[in-house]
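Remarks on the structure that follows.
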Amino acid sequence: MNKIESINDFVIKFANVNGSGSASANQMFAKGVFRSGIPVSPKNIFPSNIQGLPTWFEVRVNEKGYLGRREGIDISVAMNPQSYGQDVNELKSGGYFIYDSSWKRDFGRDDINVLGVPLTELCVSEFSNPKQRLLFKNLGYVGVLCSILEMDKDIYISLINEQFKGKEKLIEPNVKALEIGYSYAENNFKDICKIKVHKSNKTDGLILTSGNDAAGLGCVYGGATLCAWYPITPSTSLAESFNKYSEKLRVEDETKKNKFAFIQAEDELAAIGMTIGANWNGARGFTATSGPGISLMSEFIGLAYFAEVPSVIFDVQRGGPSTGMPTRTQQSDILACAYASHGDTKHVLLIPSDPKECFDFAVEAFDLSDRLQTPVIVLSDLDLGMNDWSTQEFDWDDSRIHDKGKVLSREDLDGMERFGRYLDVDGDGIPYRTYPGTHPEKGAYFTRGTSHDEYARYTEDGDKNAEVLSRLLKKYQTASELVPSPIFNQSKNNSSIGVIYFGSTDCSMQEALDKLNEEGLTIDAMRIRAFPFNLEVWEFIEDHDLLFIVEQNRDGQMRTLMMAEGGIVPDKLVSILCFDGQPITANYITNKINAHLSGTPAKIASTGK
Amino acid sequence: MTYITKPLNHHPRLETNKLGLTRRDYEGAVSTLCAGCGHDSISAAIIEACFQLDIESYKVAKLSGIGCSSKAPAYFLNQSHGFNSVHGRMPSIATGAAMANHELLYLGVSGDGDTASIGIGQFIHCARRQLNMTYFVENNGTYGLTKGQFSATNDIESKSKYGDDNLFPAIDLPSMAIQLGASFVARSFSGDRDQLVPLIKAAMSHKGFALLDVISPCVTFNNHTTSTKSYDYIREHNESLAKPDFVPMGKEITASYEPGEKTNVALHDGSTLSLQKLSEDYDPTDKILAIKNIQESQRDGRILTGLLYVDPNAKDLKEILNITDKPLNSLNQNDICPGKRALAGINEGLK
Chain A
0 MNKIESINDF
10 VIKFANVNGS
20 GSASANQMFA
30 KGVFRSGIPV
40 SPKNIFPSNI
50 QGLPTWFEVR
60 VNEKGYLGRR
70 EGIDISVAMN
80 PQSYGQDVNE
90 LKSGGYFIYD
100 SSWKRDFGRD
110 DINVLGVPLT
120 ELCVSEFSNP
130 KQRLLFKNLG
140 YVGVLCSILE
150 MDKDIYISLI
160 NEQFKGKEKL
170 IEPNVKALEI
180 GYSYAENNFK
190 DICKIKVHKS
200 NKTDGLILTS
210 GNDAAGLGCV
220 YGGATLCAWY
230 PITPSTSLAE
240 SFNKYSEKLR
250 VEDETKKNKF
260 AFIQAEDELA
270 AIGMTIGANW
280 NGARGFTATS
290 GPGISLMSEF
300 IGLAYFAEVP
310 SVIFDVQRGG
320 PSTGMPTRTQ
330 QSDILACAYA
340 SHGDTKHVLL
350 IPSDPKECFD
360 FAVEAFDLSD
370 RLQTPVIVLS
380 DLDLGMNDWS
390 TQEFDWDDSR
400 IHDKGKVLSR
410 EDLDGMERFG
420 RYLDVDGDGI
430 PYRTYPGTHP
440 EKGAYFTRGT
450 SHDEYARYTE
460 DGDKNAEVLS
470 RLLKKYQTAS
480 ELVPSPIFNQ
490 SKNNSSIGVI
500 YFGSTDCSMQ
510 EALDKLNEEG
520 LTIDAMRIRA
530 FPFNLEVWEF
540 IEDHDLLFIV
550 EQNRDGQMRT
560 LMMAEGGIVP
570 DKLVSILCFD
580 GQPITANYIT
590 NKINAHLSGT
600 PAKIASTGK
Chain B
0 MTYITKPLNH
10 HPRLETNKLG
20 LTRRDYEGAV
30 STLCAGCGHD
40 SISAAIIEAC
50 FQLDIESYKV
60 AKLSGIGCSS
70 KAPAYFLNQS
80 HGFNSVHGRM
90 PSIATGAAMA
100 NHELLYLGVS
110 GDGDTASIGI
120 GQFIHCARRQ
130 LNMTYFVENN
140 GTYGLTKGQF
150 SATNDIESKS
160 KYGDDNLFPA
170 IDLPSMAIQL
180 GASFVARSFS
190 GDRDQLVPLI
200 KAAMSHKGFA
210 LLDVISPCVT
220 FNNHTTSTKS
230 YDYIREHNES
240 LAKPDFVPMG
250 KEITASYEPG
260 EKTNVALHDG
270 STLSLQKLSE
280 DYDPTDKILA
290 IKNIQESQRD
300 GRILTGLLYV
310 DPNAKDLKEI
320 LNITDKPLNS
330 LNQNDICPGK
340 RALAGINEGL
350 K
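The listed protein sequences derive, respectively, from chains A and B.
Numbering of the first sequence is given in numbering that gives the first Met the number 0, commencing with residue 0 and proceeding in unit increments.
Numbering of the second sequence is given in numbering that gives the first Met the number 0, commencing with residue 0 and proceeding in unit increments.
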């Protein structure tokens with residue numbers, strides 16, 4: 000029998016029924032591997048449903064630290080008879096197929112290793128509570144994996160102890176469930192599986208967390224005191240993370256009162272309105288949403304742009320258009336966000352690539368929004384936001400001071416002859432503002448979305464309005480100098496070919512570049528981290544004859560943005576597009592690049608997958 | 000909204016309040032609404048109320064949506080920050096702003112289109128959340144700025160200026176607000192200053208969501224004989240529940256009204272709203288009775304005005320959310336940023 004052999008490099012996929020409690024067991028498996036010192040990238044592939052439908056959980060284990068999704072399944076833990084057919088088909092030849100053999104099956108493939116574990120029978124004989132009989136099957140297969148992969152069982156016992164801290168009586172049955180699976184495998188599957196997990200130290204300095212969790216924490220560190228939001232997948236957990244960390248870190252010791260406001264709004268319109276209201280009044284507020292929410296918020300985003308009110312918006316992108324694929328990933332809101340709202344508007348975008356950067360950019364977003372007095376949209380995506388990533392530890396410099404931007408105090412106003420809310424005093428396009436309630440006689444003004452002059456007075460004078468619009472363009476120029484610069488993979492350019500990528504594509508891109516390099520192809524790479532694009536972005540484009548732009552959308556939205564903003568010749572920018580809702584893989588990227596360079600234009604070849 | 004600055008010179012012997020300010024100091028820009036617009040009378044009543052209560056203008060935030068009514072904040076309290084937001088969305092701006100700094104006085108000015116149509120969702124949720132603000136609906140039953148379309152508060156039997164019938168029943172904002180949990184609900188008429196000023200003062204002193212539905216005839220588009228929101232119609236059908244008198248904290252209740260049975264409502268800040276009863280069974284703290292009174296008067300073609308309902312002990316949103324007494328916008332970085340040490344612990348927990 001053909002058997003896949005590997006140490007610390009494989010993909011395992013769990014197939015479950017959603018609502019059966021499998022997610023936490025699967026996560027525990029991933030964390031156990033992480034604690035063994037090997038980077039993991041678990042990905043939850045779930046339906047937009049609460050109970051009863053097939054759901055999958057894919058974990059890539061890779062000692063080199065490649066965290067992008069990889070095609071091909073080495074081990075399948077098939078716990079859902081509904082999806083057996085699909086699960087068996089996906090398994091690589093020589094792979095391992097674990098299933099609940101309480102009901103025996105023939106899977107019709109003789110090139111795979113079937114490991115039947117009578118999980119239901121084992122749990123029924125050990126547990127009397129019907130709910131537990133069902134639930135503990137999950138830990139049962141974790142026990143099986145622990146045995147066949149030769150992992151340290153104590154790691155899982157500690158994880159169980161940590162998970163049920165405070166509910167101690169649940170520890171013993173959970174450990175028992177783990178042991179049931181473990182001993183069954185020890186007795187029946189000795190030496191069958193040739194995939195192993197060996198302890199390593201490749202997770203030193205890393206943590207395992209999701210982009211949403213990180214961004215919510217970043218908002219706490221960035222000084223946000225208001226979160227107004229409306230539930231929408233995949234952004235909900237970002238708002239909840241802010242609340243979770245705020246409840247832990249932001250409650251007054253003496254009074255037990257909250258130093259934050261967490262408001263579930265009636266809809267996205269209200270969520271962004273509250274965010275703008277708080278920022279107008281000098282408190283840092285944010286909202287978190289996904290594509291449909293951006294559509295709804297657009298009117299307000301235009302107001303904040305034109306009236307120059309700071310506001311931070313997290314868009315955790317999902318598959319579009321319309322309601323689209325709420326539980327799948329895409330990078331397809333780039334244009335909707337860059338130009339959100341009617342009239343001439345352009346917005347600052349920050350595009351993190353891993354949870355560490357979600358944390359950092361959350362902090363950065365508040366500083367930039369206050370400094371620039373304009374909305375800042377952080378573009379994450381479902382893969383980055385909802386899945387756990389092996390990422391660098393969070394870091395905070397205690398000497399870092401929140402930049403509240405150009406805000407006049409009572410004393411400042413005392414020393415001023417006349418305050419003009421929209422006067423460009425410093426020549427950078429950014430005016431000075433006042434918070435309500437600052438000074439009895441000076442500094443009051445009317446914030447409005449109607450055309451206005453430098454003193455915030457309504458005007459129908461077209462020249463005045465054009466002046467304001469032009470100044471906003473100047474401010475936008477200033478923004479390009481303040482936003483995070485792109486990241487280059489090389490210290491100096493080595494090739495006439497370049498690749499541009501951004502966001503969660505980073506992990507697969509790194510792997511793809513290594514692969515291309517091994518194959519003898521050197522190309523320069525630039526990761527875009529923000530919009531508006533700064534000089535370095537344009538220089539990189541200028542310095543290359545051919546550029547691939549890798550995006551997880553259908554229309555090459557980043558490419559469109561570059562052509563629109565920089566007048567770049569379309570022929571120079573070749574799209575590599577993946578929009579099937581699954582995270583892009585390294586193989587996909589290298590195949591497209593190779594195909595294009597060998598004569599098959601990438602754009603034609605790109606139709607999802 | 001058109002903007003004309005008012006000349007600053009005024010009579011040297013104008014009456015001053017405790018702050019040494021005259022009524023002129025509470026004014027705004029010159030109104031550009033139509034001559035005779037009810038909204039201007041409401042602005043004047045707001046100015047009077049603020050003057051009488053010795054309010055510091057800069058501690059007030061004026062917020063509005065879009066429409067004729069929403070222009071009005073430009074015409075009072077020049078020294079207050081104003082926010083003319085987007086159509087129907089003033090409540091969310093007010094919510095965010097009030098959470099950022101609960102120490103300011105929030106005056107929201109909206110209209111019947113802004114509140115009862117495009118913004119009804121935000122109105123509903125703002126009321127049920129008990130946001131501490133005074134919410135004016137300058138209710139004229141018509142879309143003035145777009146030239147006279149029916150609004151959702153217009154009565155079904157009403158005709159437009161052009162003779163069209165209104166086909167749909169009116170939304171009654173006060174009964175809705177009471178059902179939603181608003182803790183101060185009053186209706187008044189822009190032409191009844193004696194009733195309006197004390198109600199505004201009471202609403203501003205009330206803690207929680209205070210709705211003032213003020214019928215404010217549109218002289219240009221909805222003041223004809225077949226309108227139910229015309230000056231004449233309101234004057235004929237207005238039935239005042241009680242003559243109100245507002246007594247700020249620490250002042251005695253003076254007998255400015257004819258002797259009669261009075262109900263005193265003690266408001267949260269120590270002030271009192273004194274109501275001289277016109278109706279025997281009137282109790283402004285009885286929610287069910289309030290709704291019954293409104294419904295009955297509607298059935299009989301009367302427009303009930305005055306304080307319809309009040310719960311002086313209601314909790315406001317800040318209390319419901321258990322937010323600290325120090326305004327959130329005044330917390331410094333040490334108060335809100337947990338720092339490097341706390342982060343080390345969080346990192347440990349994610350391994």
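Note that beta-carbon positions come from the ideal geometry of N, C-alpha and C, so glycine has one too.
- Query: Beta-carbon of His38/B versus every beta-carbon of chain A: anything under 9 Å?
  - Reply: no
- Give, in chain order, every residue of the segment 408 to 439 of chain A whose Cβ lies closer than 9 Å to some Cβ of chain B. Thr433, Tyr434, Pro435, Gly436, Thr437, His438 and Pro439
- Beta-carbon separation of Ala524/A and Asn488/A under 9 Å? For Ala524/A and Asn488/A, yes; Cβs fall inside 9 Å.
- Item | Where the beta strand (DSSP E) containing Ser63/B begins and where it ends | Val59 to Ser63
- Expressed to the nearest angstrom, what Euclidean distance is found between the alpha-carbon atoms of Ala220/A and Val362/A? Looking at the sequence provided, one finds Tyr at residue 220/A rather than Ala. Those two C-alpha atoms are separated by around 6 Å.
- Cβ distance (whole Å) where Arg192/B is taken to contact Ala44/B below 8 Å: That pair is a contact at about 6 Å.
- Query: With DSSP run on the structure shown, which of helix, strand or coil describes Asn173/A?
  - Reply: helix
- Item | Own chain partners of Ser479/A with C-beta closer than 7 Å, once the 5 adjacent residues on each side are dropped | Pro531, Phe532 and Asn533
- Sufficient close CB pairs (3 or more, under 8 Å) joining the segment 459 to 474 of chain A to the segment 492 to 507 of chain A: The segment 459 to 474 of chain A is not in contact with the segment 492 to 507 of chain A.
- Return helix, strand or coil for Glu55/B, following the three-state DSSP convention. coil
- Mind listing the chain A neighbours of Met175/B? Cutoff is C-beta to C-beta under 9 Å, in chain order. Chain A residues near Met175/B: none, gap ~15 Å exceeds 9 Å.
- Based on the DSSP output, what are the partners of Gly284/A in its beta bridges? Leu225/A
- Message: Just to confirm before moving on: does the CB-CB distance between Thr390/A and Leu205/A stay below 9 Å?
- Response: yes
- Message: Please list the terminal residues of the continuous alpha helix (DSSP H) segment that includes Ile293/B.
- Response: Lys286 to Arg298
- Item | CB contact check: Leu303/B to chain A, cutoff 9 Å | Residue-level contact by beta carbon fails for Leu303/B and chain A, as no gap is shorter than 9 Å.
- Out of curiosity, what's the CA-to-CA distance linking Ser656/A and Leu138/A? The question about residue 656/A has no answer here: the residues shown for chain A are numbered 0 through 608.
- Message: With the cut-off set at 9 Å, would you say Leu90/A and Ser75/A are in Cβ contact?
- Response: yes
- Simplified DSSP state of Ala151/B, which is helix, strand or coil: coil
- Query: For Glu257/B, does the count of other Cβ atoms within 10 angstroms reach 16, so buried, or fall short, so exposed?
  - Reply: Low confidence applies to Glu257/B: its pLDDT is 47, below 50, so where it sits in the model is not reliable enough to give any reading.
- From what residue to what residue does the beta strand (DSSP E) around Met525/A run? Asp523 to Ile527
- Message: Run through chain A and tell me which residues come within less than 7 Å of Ile335/B, C-beta to C-beta.
- Response: Gly222, Thr224, Arg249 and Lys258
- Message: Please tell me whether Met150/A has its Cβ less than 9 Å away from any Cβ of chain B.
- Response: Chain B contact via Cβ: absent.
- Query: Span of the beta strand (DSSP E) holding Gly93/A?
  - Reply: Segment Leu90 to Asp99, the beta strand (DSSP E) holding Gly93/A.
- So, helix, strand or coil for Tyr500/A, using DSSP? strand
- Item | Outcome for Gly39/A when other beta-carbon atoms lying within 10 angstroms are tallied against a minimum of 16 | For the record, residue 39/A in the displayed sequence is Val; it is not Gly. Under this definition Val39/A is a buried residue.
- Residues of its chain near Leu576/A, where Cβ-Cβ distance is below 7 Å and the 5 sequence neighbours each way are ignored: Glu550, Asn552, Arg553, Gly555 and Ser605
- Item | Test item: CB-CB of Ser42/B and Ser56/B under 9 Å | By the CB criterion at 9 Å, Ser42/B and Ser56/B fall outside the cutoff.
- Item | Per-residue contacts from Ala269/A into chain B (C-beta, under 7 Å) | Ser91, Gln121 and His124
- Message: Let me confirm a value: Thr141/B is counted as buried when at least 16 other C-beta atoms fall within 10 Å, else exposed. Which label applies?
- Response: buried
- Query: Hey, how far is the Cα of Ala184/A from the Cα of Ser146/A?
  - Reply: Here the alpha carbons of Ser146/A and Ala184/A stand approximately 6 Å from one another.
- Under 8 Å by Cβ, that's how I've got Tyr421/A and Ala455/A pegged, so tell me the actual separation to the nearest angstrom. Taking 8 Å as the upper bound for CB-CB distance, Tyr421/A and Ala455/A are in contact here, some 6 Å apart.
- Message: Quick check on this structure: which residue in Glu453/A, Asp462/A and Glu535/A has the alpha carbon closest to the alpha carbon of Ile486/A?
- Response: Glu535/A
- Task: Kindly say whether Leu330/B, judged by its beta-carbon, lies nearer than 9 Å to any beta-carbon of chain A.
- Result: yes
- Find the residues of chain A that neighbour Lys286/B, judging by a C-beta separation of less than 8 Å, and give them in chain order. The premise fails here: Lys286/B is roughly 23 Å from chain A at the closest Cβ pair, so nothing lies under 8 Å.
- Query: Taking the C-alpha atoms as reference points, what is the distance between Met132/B and Gly276/A?
  - Reply: 14 Å
- Query: Which runs of the alpha helix (DSSP H), 4 residues or longer, sit entirely within the segment 127 to 179 of chain B?
  - Reply: 172 to 179
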